[in-house]
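In the UniProt record's numbering, the protein residues as written are 1 to 289.
Built from N, CA and C at the ideal position, the CB exists for glycine as well.
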Amino acid sequence: MVQNYVFPATVSEAVTVLSTNRGKARIIAGGTDLMLELQDGKNTCDVLVDLTQIAELKNITEENGFIRIGASVTHAQAAKSELVLKHAPALAQACRKVGSLQIRNMGTIIGNIVTGNPAADAAVALACLETTAEITTQEGMQTMPLEDMYAGVCLSCIDSCCQVVTHVRFPVKQKGQGSAYLRMEQRKALALPMLAVSAMVELDGDAFKWARVLIAPVGAGPQHALDAEEFLKGAPVTSATMAEAGQLARNQAMFRSSAIRGSKEYRMGVLPVFIERVLQAAVEDARKA
1 MVQNYVFPAT VSEAVTVLST NRGKARIIAG GTDLMLELQD GKNTCDVLVD LTQIAELKNI
61 TEENGFIRIG ASVTHAQAAK SELVLKHAPA LAQACRKVGS LQIRNMGTII GNIVTGNPAA
121 DAAVALACLE TTAEITTQEG MQTMPLEDMY AGVCLSCIDS CCQVVTHVRF PVKQKGQGSA
181 YLRMEQRKAL ALPMLAVSAM VELDGDAFKW ARVLIAPVGA GPQHALDAEE FLKGAPVTSA
241 TMAEAGQLAR NQAMFRSSAI RGSKEYRMGV LPVFIERVLQ AAVEDARKA
């Protein structure tokens, strides 16, 4: 049962509160998942440590060739950010799809990752951007690639009783690069994605220099379509190329049938189309740069 609610003014103070309470305190920012878990008895703690009053965690900034997003930044904030719209359209597109207006106004980008949901919209988009998390503990700061933050389905490697994910960061977009995000859903709001895909590409004239293609939910977190990525290196930017990449992604995908997300067979059938579309959108973005 929560007995105390703390608003630290600095990251150092937040980490100290976690250490002092020895596993009985939890980090909270948006709280759109954690508060439900506490209410349902799926999670317990004595102290909630709220990050929303720490000034450095409220902003989206460009620093040393990276876009940095603080732990208190909401989906609504990211979706409208000029930096995100310029350097990471995939993330802006994903943030506009999250939950409902109320959830987008409260829920945070980093919370979308640390909950460990295998098809969280922002996480799937961030995965194609080569995103890294900055994690602070009593011992100091460390970094971790986003893909390494998943311990299993709906399980995170982050222990919010002693670790604070202060920022995520990804490289600024270069000339000839573009990104995009697409999802399939049963309705337009308050729906988990049946299928989510993201892509980032770099073009060299009329050919792909490289591409990153992510699919979810096909495992603990967003998964690279490795065969498609390898095929796209140096391949011509044509509809036929992107269609073939979709087929290669389908051959590698390992969906499970789900009452919520749809049957394995249905999602396998539509995946190639979504891969082709997300690549087309990423190419369009790259050609605008």
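- Nearest Cα to Glu-130 within the set Val-153, Ser-156 and Ser-179: Ser-179.
- Here Val-114 carries a helix assignment [DSSP, helix/strand/coil].
- Excluding its 5 nearest sequence neighbours in each direction, Lys-58 has C-beta neighbours in its own chain below 8 Å: Thr-52, Gly-70, Ser-72 and Val-73, listed in chain order.
- In the DSSP assignment, Asn-251 falls within the unbroken alpha helix (DSSP H) covering 239-252.
- Scanning Phe-170, Leu-271 and Ala-123 for the CA closest to the CA of Cys-154 turns up Ala-123.
- Around the beta carbon of Gln-39, fewer than 16 other beta carbons lie within 10 angstroms, which makes this residue exposed.
- Contact between Glu-229 and Ala-207 fails: their C-beta atoms lie close to 14 Å from each other, not under 8 Å.
- Contact between Phe-274 and Leu-182 holds: their C-beta atoms lie close to 5 Å from each other, under 8 Å.
- Residue environment for Asn-112: buried (at least 16 other C-beta atoms within 10 angstroms of its C-beta).
- In this structure Val-47 is not in contact with Val-11, their Cβ atoms being roughly 16 Å apart against a cut-off of 8 Å.
- In the structure shown, the three-state DSSP call for Thr-74 is strand.
- The C-alpha of Ser-257 is placed about 37 Å away from the C-alpha of Lys-24.
- Uninterrupted beta strand (DSSP E) stretches at least 3 residues long and entirely within the region 142-225 occur at 150-152, 164-171, 177-184, 195-204 and 207-216, given in chain order.
- For Leu-91, the uninterrupted alpha helix (DSSP H) run begins and ends at 89-95, by DSSP.
- Annotation: Lys-264 to Ala-119 spans about 15 Å, alpha carbon to alpha carbon.
- Out of Lys-233, His-167 and Cys-161, the CA that lies nearest to the CA of Arg-26 is found in Cys-161.
- Beta-bridge partners assigned by DSSP to Glu-63: Phe-66.
- Rounded to the nearest angstrom, the gap between the Cα atoms of Leu-271 and Gln-3 is 47 Å.
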